[in-house]
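Numbering of the sequence shown is given in the numbering used here, commencing with residue 1130 and proceeding in unit increments.
Ideal Cβ positions, reconstructed from N, Cα and C, are used throughout, including at glycine.
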Amino acid sequence: MIVSHSWLAEHYNDPDLIILDSRGSVAYSYAHIPRSQPLGVEKVVTTTDSGANLVLEPENACKPV
1130 MIVSHSWLAE
1140 HYNDPDLIIL
1150 DSRGSVAYSY
1160 AHIPRSQPLG
1170 VEKVVTTTDS
1180 GANLVLEPEN
1190 ACKPV
């Protein structure tokens, strides 16, 4: 679920909240929301020839990262 910054601020201390950071690992290592977890997008997607689009490969769609 994608939420607004105001929703996140309101629910941030919910013990059941899991925050996933869908950016790449370099961006995550530089800065991220405290308590967030990296999604590991590099492990499940490939780029097109132009490099502009991320494409989820079917064999990786349900693969744990």
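Rounded separation between residue i and residue j - CA only
| i | j | result |
| --- | --- | --- |
| L1168 | S1158 | 12 Å |
| E1139 | R1152 | 23 Å |
| L1146 | M1130 | 11 Å |
| D1143 | H1161 | 18 Å |
Identity of the residues DSSP links to residue i by a beta bridge
| i | result |
| --- | --- |
| P1167 | D1150 |
From the options, residue whose alpha carbon lies closest to that of residue i
| i | options | result |
| --- | --- | --- |
| L1149 | E1171, V1170, Q1166, D1143 | Q1166 |
| V1170 | V1155, D1143, V1132, R1164 | V1155 |
Span of the alpha helix (DSSP H) around residue i
| i | result |
| --- | --- |
| A1138 | 1134 to 1140 |
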